Amino acid sequence: MQSKTIKDGFFVRCDIGDEVVSTLAKFAADNNISSGTVVGIGALKKITLGYYDLVGGEYHKREFDGDHELLNLSGNFAKLGSETILHCHAVISDKQCSVFGGHLFSAIVAVTGEFYIRSGETVISRGRDEQTGLNLIKI
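Convert by adding 690 to the 1-based position in the sequence shown; the result is the number in my numbering.
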């Protein structure tokens, strides 16, 4: 992973073999980012996407093997207790340009991952929401 500070945030490039979610979350923690947003593109493999079933109260996960284009990753950083976490969604496409999307649990960089991170100016926290069972942003 390589990064560069720019006027309004950071530009981060994840390298082949980097795990996207944990690498970006660690970058945020290491750079004291307590809130912020991230967007990105690239090429990934070993991807796990999910959909949250509100009625069942659980995520349904699907794994995607092989190389896929990362058409878009968008997400936000917040604190869950003392840990900086990344909540992100991704849209990917396969060799036939079929598109899939959902909550991004994990993915390995196949070629490159190019991300723009904008740090927020205040601490944003997450906490358990009893209605959904999820750790939602506290406003």
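Don't be surprised by glycine CBs; every beta carbon is placed ideally from N, CA and C.
Bear in mind that the values here come from a model prediction, so they are computed numbers and not experimental data.
In this structure, what does DSSP give as the bridge partners for residue i?
{"i": "leucine 739", "result": "Arg752, Leu794"}
Kindly list the residues whose CB is nearer than 8 angstroms to the CB of residue i, restricted to its own chain and excluding five residues on each side of it in sequence; keep chain order.
{"i": "threonine 774", "result": "Ala715, Ala718, Ala719, Ile723, Ser724, Phe767, Ala768"}
{"i": "aspartate 698", "result": "Arg808"}
Can you give me the C-alpha to C-alpha distance between residue i and residue j, rounded to a whole angstrom?
{"i": "glycine 732", "j": "aspartate 705", "result": "10 angstroms"}
{"i": "asparagine 721", "j": "lysine 694", "result": "12 angstroms"}
{"i": "glutamine 786", "j": "glycine 817", "result": "40 angstroms"}
{"i": "glycine 730", "j": "valine 745", "result": "31 angstroms"}
{"i": "arginine 752", "j": "threonine 822", "result": "21 angstroms"}
{"i": "histidine 758", "j": "arginine 703", "result": "17 angstroms"}
Looking only at its own chain, which residues have a Cβ that is under 6 angstroms from the Cβ of residue i, when we skip the five neighbours before and after it?
{"i": "aspartate 708", "result": "Met691, Val799"}
Given a threshold of 16 other Cβ atoms within 10 Å of its Cβ, counted over all protein chains shown, does residue i qualify as buried or as exposed?
{"i": "glycine 756", "result": "exposed"}
Among the residues of its own chain, which have a CB less than 7 angstroms from the CB of residue i, if the five just before and after it don't count?
{"i": "lysine 828", "result": "Ser815, Arg816, Gly817"}
{"i": "histidine 779", "result": "Ser764, Gly765, Gly791, Gly792, His793, Leu794"}
Distance cutoff 9 angstroms, beta carbons only. Does residue i sit that close to anything in chain C?
{"i": "glutamate 709", "result": "Although the question refers to chain C, the structure presented lacks it and comprises just one protein chain."}
- Query: Between the region 787 to 795 and the region 732 to 742, do at least 3 Cβ pairs fall closer than 8 angstroms?
  - Reply: yes
- Pairing CB atoms from the region 722 to 736 with CB atoms from the region 806 to 813, are three or more of them under 8 angstroms? As far as the Cβ criterion goes, the region 722 to 736 touches the region 806 to 813, which means the pair count is three or higher.
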